[in-house]
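Using the UniProt record's numbering, read the sequence shown as starting at 1 and increasing by one per residue. Built from N, CA and C at the ideal position, the CB exists for glycine as well.
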Amino acid sequence: MRLRIVCSFALLQPLSDFKNNSHTDFLRTTFGGLHVSSNAVLVSMRVSRQVATSSALGLALSCASLLPAAAQTATPAQPSQQLPAISVEGAKPQTDYKVDRASSPKTSEPLLDTPQTITVIPREVIEDRGANSLRDVLRTVPGVTISAGEGGGPQGDNLKIRGFAANTDLFIDGMRDQGQYSRDSFNLEQVEVVKGGSATSAGRGATGGAVNLVTKAPVKEAITAGTVALGTDRTKRITADLNQPLTALGLDNAAVRLNVMGHTSGIAGRDVVENNRWAFAPSVTFGVTGPTKLTLSYFHIQEDNMPDYGIPVVGATSLPNVKRENYYGFKDLNAENTRVDIGTARFEHEFNDAVTVRNTLRASQARRQSNVSVPRAANVLANSMTKVPTARDATLKSLDNQTDVTLKFATGALNHSVVTGVELAAESYDNQPYTFSANASTTDRLFTPNPFARYTGTRTLGAKTETDSNTVAFYLMDTVKIGEQWEIAGGLRYDRFNAETKIPSTGGRFERTDNLVSWRGALIYKPVPNASVYVSASTSYNPSAEGLALSATTADTPPEKNMTYEVGAKWDVLADTLSLTGAVFRTEKTDARETLPGGTIQVLNGVRRVDGIELGVAGQLTSKWQVFGGYTYQTSEIVETFTAANKGNELASTPKHTFSLWTTYELPWNLKVGGGVQVVADRYWSDANLGKIPNYAVFDAMAAYTIRPGVDLQLNVYNITDKFYIERVHAGGGHAVPGAGRTALLTTSVKF
Numbered sequence: 001m002r003l004r005i006v007c008s009f010a011l012l013q014p015l016s017d018f019k020n021n022s023h024t025d026f027l028r029t030t031f032g033g034l035h036v037s038s039n040a041v042l043v044s045m046r047v048s049r050q051v052a053t054s055s056a057l058g059l060a061l062s063c064a065s066l067l068p069a070a071a072q073t074a075t076p077a078q079p080s081q082q083l084p085a086i087s088v089e090g091a092k093p094q095t096d097y098k099v100d101r102a103s104s105p106k107t108s109e110p111l112l113d114t115p116q117t118i119t120v121i122p123r124e125v126i127e128d129r130g131a132n133s134l135r136d137v138l139r140t141v142p143g144v145t146i147s148a149g150e151g152g153g154p155q156g157d158n159l160k161i162r163g164f165a166a167n168t169d170l171f172i173d174g175m176r177d178q179g180q181y182s183r184d185s186f187n188l189e190q191v192e193v194v195k196g197g198s199a200t201s202a203g204r205g206a207t208g209g210a211v212n213l214v215t216k217a218p219v220k221e222a223i224t225a226g227t228v229a230l231g232t233d234r235t236k237r238i239t240a241d242l243n244q245p246l247t248a249l250g251l252d253n254a255a256v257r258l259n260v261m262g263h264t265s266g267i268a269g270r271d272v273v274e275n276n277r278w279a280f281a282p283s284v285t286f287g288v289t290g291p292t293k294l295t296l297s298y299f300h301i302q303e304d305n306m307p308d309y310g311i312p313v314v315g316a317t318s319l320p321n322v323k324r325e326n327y328y329g330f331k332d333l334n335a336e337n338t339r340v341d342i343g344t345a346r347f348e349h350e351f352n353d354a355v356t357v358r359n360t361l362r363a364s365q366a367r368r369q370s371n372v373s374v375p376r377a378a379n380v381l382a383n384s385m386t387k388v389p390t391a392r393d394a395t396l397k398s399l400d401n402q403t404d405v406t407l408k409f410a411t412g413a414l415n416h417s418v419v420t421g422v423e424l425a426a427e428s429y430d431n432q433p434y435t436f437s438a439n440a441s442t443t444d445r446l447f448t449p450n451p452f453a454r455y456t457g458t459r460t461l462g463a464k465t466e467t468d469s470n471t472v473a474f475y476l477m478d479t480v481k482i483g484e485q486w487e488i489a490g491g492l493r494y495d496r497f498n499a500e501t502k503i504p505s506t507g508g509r510f511e512r513t514d515n516l517v518s519w520r521g522a523l524i525y526k527p528v529p530n531a532s533v534y535v536s537a538s539t540s541y542n543p544s545a546e547g548l549a550l551s552a553t554t555a556d557t558p559p560e561k562n563m564t565y566e567v568g569a570k571w572d573v574l575a576d577t578l579s580l581t582g583a584v585f586r587t588e589k590t591d592a593r594e595t596l597p598g599g600t601i602q603v604l605n606g607v608r609r610v611d612g613i614e615l616g617v618a619g620q621l622t623s624k625w626q627v628f629g630g631y632t633y634q635t636s637e638i639v640e641t642f643t644a645a646n647k648g649n650e651l652a653s654t655p656k657h658t659f660s661l662w663t664t665y666e667l668p669w670n671l672k673v674g675g676g677v678q679v680v681a682d683r684y685w686s687d688a689n690l691g692k693i694p695n696y697a698v699f700d701a702m703a704a705y706t707i708r709p710g711v712d713l714q715l716n717v718y719n720i721t722d723k724f725y726i727e728r729v730h731a732g733g734g735h736a737v738p739g740a741g742r743t744a745l746l747t748t749s750v751k752f
């Protein structure tokens, strides 16, 4: 949609006050031809919301007429020549909380016309909420729940989307990121949550959806920005964002950017736990404005944490009445260290408006070394519990290349937007586990545990596993526009996924190759230009080696099959500044893997189903009032299973109701206030449905004050009521991790 914008600016301070300083030069440079008097500036130009809101001169925007100049009290105007107003064709300015497009070239149409539920959390929401990690960011998205590490497994970003695990469905700039670590928000431009089967674009997995992290990239303008934050529970955080055009080197269309972060904190309401991490992310782009663009980037993050595996559960059915501060580990033994390195080269060339080619090459390595103590066997009557120490040294390496070609053309009356491409990937995962003997030191008091007790048992080297996988994939997607109101979208993808696991100590070897064909189809109807109604269907697969591991139990098991149906509507209202979305969906996993009695063979026998309704809102209610949120209602069922007692039960950790809302309002006096709530209904500990995790509602608030242009002070308070709640749960109900108690964070930010 193109808008004709004729805008005028009124300077709220006489120009005579700006004589002999840089503001007058700034106006002339930025706004071009000016009709200048000592009281008013009239200019016609392309207007972006960022410019209109960030000007240090206090410019007032009127898109209807020139605001009257306060000539009565000002110095008389100097003679000048009146220039005619010039109208400029420009794209509609985008509101802060509303995003019109996803970043991936595989999503060729605007979100309004994309027949799938996609929630995009922009940088503005991330900053207003003070969300410092991916888990914090995803609390704004209903239908997404966070799980605890399985056994001694990773405590990274373990997600469930629409009731199905999405641990391996995380992407960075469209490339799979399967590393086991906690992702920070310092280098994020936005986060995209795609709901429903997404195999045609994501590949293996993506049963309930996928999450794509869009990182910051070099831009044409110079940026000097940073934050310093201090908070409760020993929280200290610092970030910097520096972008510099390379014109001084004679490179007029190139820029370099550097983002850095340092973070240390405890967790409110939890003893002993610590989170320490630092990271940096340099990047350089040649050809910032195209048509030929090359971006080279590198990302490094290190974590040195005292991990939190929460509190033990009584019989996988209920929580013991213990203090939430209790730490059930060994402080002298437990540690979690991760090192992640990602290097990316992306080349893009736009031949013309109809043909674009993009190639992305990425190499990455993620190493995680952990010693953790998993709390188990809570016995209330005996006032006892068991600490289960476990350790691993795991390294994931990957080399991935994606080539995408975007084509736009017409065949008669039909207009096509085609995306086709190929993906080649090689991954390796080496896991060295360690086991610990049980003795008197692994038994502790349930109500008054001693985290400073020393472990006195022995550590034994376990059987190392080495897994290598290779992926070759081809895909084709086409959106066909039939007139002004109808569109047909379809996609087809073929994946050849080969994996081999070796156990050097025993000579064991397991290999499997799966040929996966997934598809997606949709029909879109646009009753008016700013609305769409759609119906869609898609498939996806979960191969046995999806998590880069095979065993004698899983090597002969074919992939699980998934089918998603969705009927939805999208509507941009209030002059396209507010997005409203709604959808009804069903995701069904057929041929779900189940282990036969005896635990030695897996077969495809189970059926699991989730039906639901999802609503979303993002954007402006008024020019000063922003809102972002949604609601998901979902019912889940184990339709078929070998375990007769579980048939008809709900899926573990799949709440029927989830609701999230965040809103901000700009007051006078350079003040902005905001607040939000996250509501999660009760959900079952396990598929056995023997007990439920209590529901909860957590309230947050913020206030921000602009000290002067470019300098802001922001206070965020999380969990205002200091609610005790369980945020993450082990899938088998063995342990549960409480959410953070009341936390406050004061952030000073600067931007020049």
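Start-to-end residues for the alpha helix (DSSP H) that takes in residue i
i	result
residue 200	199 to 202
residue 126	123 to 129
Residue range of the beta strand (DSSP E) that includes residue i
i	result
residue 336	335 to 350
residue 397	384 to 411
residue 730	Premise fails: residue 730 is in no beta strand (DSSP E) and is neither H nor E.
residue 306	Residue 306 -> no beta strand (DSSP E), and no H or E assigned at all.
residue 364	355 to 379
residue 613	602 to 620
residue 546	Run containing residue 546: none; DSSP gives neither H nor E here.
residue 716	711 to 718
residue 272	270 to 286
Residue i classed as buried or exposed, judged by whether at least 16 other C-beta atoms fall within 10 angstroms
i	result
residue 756	This structure leaves residue 756 out entirely; the chain is present only between 1 and 752.
residue 293	buried
residue 662	buried
residue 738	buried
residue 734	buried
residue 619	buried
residue 485	exposed
residue 298	exposed
residue 704	buried
residue 252	exposed
residue 39	Caution is warranted here: a pLDDT of 34 is assigned to residue 39, below 50, making its placement in the model unreliable, and the coordinate value is therefore given only provisionally. Buried, by the Cβ-count rule.
residue 707	exposed
residue 267	buried
residue 81	Reliability fails at residue 81, whose pLDDT of 41 lies under 50, so the model's placement of it is uncertain and the value that follows must be treated cautiously. So residue 81 counts as exposed.
residue 745	buried
residue 475	buried
residue 648	exposed
DSSP bridge partner residues for residue i (one or two, in chain order)
i	result
residue 132	Looking at the DSSP assignment, residue 132 forms no beta bridge with any residue, so it has no partner.
residue 662	628 and 676
residue 229	237 and 747
residue 571	531 and 580
residue 312	735
residue 432	393
residue 699	677
residue 172	175 and 213
residue 414	411 and 482
> Is the number of C-beta pairs between the stretch 678 to 698 and the stretch 651 to 660 that are closer than 8 Å three or more?
Replying inline: Touching, yes.
> Are there three or more Cβ pairs, one per stretch, closer than 8 Å when the stretch 332 to 351 is compared with the stretch 310 to 320?
Replying inline: no
> Is the stretch 693 to 703 close to the stretch 167 to 184, with three or more CB pairs under 8 Å?
Replying inline: The answer is no - the stretch 167 to 184 does not touch the stretch 693 to 703, with fewer than three Cβ pairs under 8 Å.
> Using 8 Å as the threshold, is the stretch 391 to 401 in touch with the stretch 199 to 216, meaning 3 or more CB pairs across them?
Replying inline: Taking a cut-off of 8 Å on C-beta distances, the stretch 391 to 401 does not touch the stretch 199 to 216, as fewer than three cross pairs fall below it.
> Taking three-plus beta-carbon pairs below 8 Å as touching, is the stretch 538 to 545 in contact with the stretch 218 to 236?
Replying inline: no
>> Check whether the stretch 441 to 448 and the stretch 320 to 335 touch, using three or more Cβ-Cβ pairs below 8 Å as the test.
In response: yes
> Hey, is the stretch 577 to 587 in contact with the stretch 558 to 569, meaning 3+ C-beta pairs nearer than 8 Å?
Replying inline: yes
> Are the stretch 237 to 246 and the stretch 256 to 271 touching, with three or more C-beta to C-beta distances below 8 Å?
Replying inline: yes
>> Suppose only complete runs of 3+ residues qualify. What are the beta strand (DSSP E) ranges in the stretch 447 to 535, listed by chain order?
In response: 459 to 461, 465 to 482, 486 to 503 and 508 to 525
>> Counting beta carbon pairs with one atom in the stretch 423 to 443 and one in the stretch 463 to 482, are three or more of them shorter than 8 Å?
In response: In short, these stretches touch, since the Cβ pair count reaches three.
> Counting pairs of Cβ atoms below 8 Å between the stretch 125 to 139 and the stretch 516 to 524, do you hit three or more?
Replying inline: no
> Using 8 Å as the Cβ pair cut-off and three pairs as the minimum, do the stretch 196 to 205 and the stretch 274 to 281 touch?
Replying inline: Taking a contact to require three or more Cβ pairs closer than 8 Å, the stretch 196 to 205 and the stretch 274 to 281 do not qualify as touching.
>> Whether or not the stretch 499 to 506 and the stretch 523 to 532 are in contact is what I'm after, with contact meaning three or more pairs of Cβ atoms, one per stretch, closer than 8 Å; do they touch?
In response: no
>> For the pair the stretch 138 to 149 and the stretch 622 to 635, tell me if three or more CB-CB distances fall below 8 Å.
In response: yes
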